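A.B. asks: Numbering (this note's numbering), first residue to last: 124 to 529.
Don't be surprised by glycine CBs; every beta carbon is placed ideally from N, CA and C.
No experiment lies behind these values; they were computed from the predicted model shown.
Sharing a structure with you now.
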C-alpha cells in the first residue's frame, strides 16, 4: 500500500487588521494581496543544454488535495540521490497553517526559531515581529539553510518571507516563499523562466525579488525630483544664477511680491508648497533608510555567495551561475548606493526650498504688515486733519447755537 502524498495547505491571506492602512473599499484593497489561488509549485531541472532545461509550474489547489502535485521531496531536506541541479519552489500566501510542512518540517528550522526566541509562525505571518531580518539556519552536515524576511517599506508588513535549503554537492535547492503582493509573484515567475539556467543557485530567487525593491525606488525618486522642480519654478529659485533668457521669459526668476502674487493654472499653490516639500523630505528619509537595509542584505548575500563557492568545487554550471550571481549582487549594490545618494541630494534640495518658502512667506507677511501700517498712518493723518477742522469751527458753531436759543 502506497503512502498518501504529503499535503501542503495553500489556504491563507493577509489579516483584516491591514484594512486600517487604507480608505479604499475592502474588496478592491485586498485584490493586490496574494491569496490561495496564487499558490504554485515550480520545479526547474537542469539539462546539459539550455534547451533541455525542464520548467514546470503547477497550481496548488487547496480545495482538492488529490489533484495537488506530489510534494514529498519538498517535505524533506535535499538529498544526494544522484539528481543534480534542481530548484523546487513553493509559492504560498501569508498566514497558511502548515505546522508539519516545510519549512518547519525541515529538521533544524523549528529548533533555530526557538533558539532565536521567535514563534513558529514567524516564517509564514505577514507581521514582521522583528526588524528586517535574514539569518542562516544550522542544518545537518553538508546542507545550507537560511531565512530572508525584509519589510514592505514603512510598515509592519513583510515584503516576502523566504525559507531556503541547499545541498552544495547535488546543487538541489528547496524554497518556500510566502509572498505579499501578486505583482511580486508574477515578476518572480517571469524572471525564473528567463533565468532558468541559473535556477539551482539558492540566491537567485532572493535577488529576483530584490529587483522589484530596488527598481521601484527609481520611479519614486524621479517623481520627487519633478515635484521639487515644480516648487523651484513656483518660488523663482530654479537656477536663476544662470540668468537664462528663456527661463526669465517663463517667469522662473520671479522675485519678491511677484512670487506670491503670480497665479498660473499649472503652478502649485504657493501656500501648499511647504506641505508638499515636507512630504518629499520624509519620503527621502525613508528611501535612504530602505537603501541602507537593501545594501545590508546585499552584503550578507555576498558573504553567503562566497561561502557557498568554497563548498562547491564544480567549475561547470555552478561556476557560471555563481559568477552571474556575484555580478548581479555588485550591480544591485551600485544601484542601491546611487539611489541612496540621490535621495540624500533631493532631501537637501527640498530643505533649501523649504527655507526659501518660509523666507518668501515672511517677506509676504512683512509686506502686508507694512501696507497695513501705511494705511493706518494715512487714516491717522486724516483723522487729525478732521479734528483740527472741527476745533477751528467749533467756537463759531457754539456762538451760532447760542443766538438761536435767544
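For the candidate residues 417, 303 and 428, whose alpha-carbon lies nearest to that of residue 219?
C.D. replies: The option with the nearest alpha carbon to residue 219 is 303.
A.B. asks: Span of the alpha helix (DSSP H) holding residue 178?
C.D. replies: No alpha helix (DSSP H) holds residue 178; the beta strand (DSSP E) holding it covers 177 to 182.
A.B. asks: Alpha carbon to alpha carbon, how far is residue 412 from residue 462?
C.D. replies: Their backbone Cα atoms lie some 11 angstroms apart in a straight line.
A.B. asks: Below 8 angstroms on the Cβ atoms is my contact criterion, and I expect residue 491 with residue 424 to pass it. Report the Cβ-Cβ distance as a whole number of Å.
C.D. replies: At roughly 58 angstroms, the Cβ-Cβ gap does not stay under 8 angstroms, so residue 491 and residue 424 are not in contact.
A.B. asks: Which value, in whole angstroms, describes the spacing of the CA atoms of residue 197 and residue 458?
C.D. replies: Looking at the two C-alpha atoms, the distance is approximately 35 angstroms.
A.B. asks: Roughly how many whole angstroms lie between the Cα atoms of residue 290 and residue 434?
C.D. replies: Going by the C-alpha atoms only, they are around 10 angstroms apart.
A.B. asks: Can you list, in chain order, the residues of its chain whose CB lies under 6 angstroms from that of residue 473, leaving out five sequence neighbours each side?
C.D. replies: Contacts found: 351, 400, 403 and 404.
A.B. asks: Helix, strand or coil: how does DSSP classify residue 270 here?
C.D. replies: Correct three-state label for residue 270: strand.
A.B. asks: Counting only the same chain and skipping the five closest in sequence on each side, list residues whose C-beta sits under 8 angstroms from that of residue 421.
C.D. replies: Same-chain partners within the cutoff: 333, 452, 455, 456 and 459.
A.B. asks: For residue 440, which of 172, 135, 231 and 317 has the nearest alpha-carbon?
C.D. replies: Selected option, being the one with the closest Cα: 172.
A.B. asks: Pick helix, strand or coil for residue 536, following the three-state DSSP scheme.
C.D. replies: The structure shown does not extend to residue 536, since the chain spans only 124 to 529, so no value can be given for it.
A.B. asks: What are the start and end residues of the beta strand (DSSP E) that includes residue 212?
C.D. replies: Counting along the chain, the beta strand (DSSP E) containing residue 212 begins and ends at 209 to 216.
A.B. asks: By Cβ distance, which residues of its chain are closer than 6 angstroms to residue 324, with the 5 residues on each side in sequence left out?
C.D. replies: Closer than 6 angstroms at Cβ, skipping near neighbours: 444 and 448.
A.B. asks: DSSP three-state label for residue 324, please.
C.D. replies: Three-state result, residue 324: coil.
A.B. asks: Using CA atoms only, rank isn't needed, just tell me which of 164, 287 and 307 is closest to residue 246.
C.D. replies: It is 287.
A.B. asks: Please state whether DSSP places residue 414 in a helix, a strand or coil.
C.D. replies: Looking at residue 414 - three-state DSSP - the assignment turns out to be helix.
A.B. asks: Name the one or two DSSP bridge partners that residue 300 has.
C.D. replies: Beta-bridge pairing links residue 300 to 214 and 285.
A.B. asks: Could you round the C-beta distance between residue 414 and residue 353 to whole angstroms and report it? I think they count as a contact, below 8 angstroms.
C.D. replies: Going by Cβ atoms, the distance from residue 414 to residue 353 rounds to 24 angstroms, so no, they are not a contact pair.
A.B. asks: For the beta strand (DSSP E) containing residue 259, name the first residue and the last one.
C.D. replies: 256 to 260 is the span of the beta strand (DSSP E), which, as asked, contains residue 259.
A.B. asks: Report the three-state DSSP secondary structure of residue 168 (helix, strand or coil).
C.D. replies: Strand at residue 168.
A.B. asks: Excluding sequence positions up to five away, which residues of its chain have a Cβ less than 6 angstroms from the Cβ of residue 310?
C.D. replies: Hits under 6 angstroms: 335.
A.B. asks: According to DSSP, is residue 252 helix, strand or coil?
C.D. replies: If DSSP states are grouped into helix, strand and coil, residue 252 belongs with coil.
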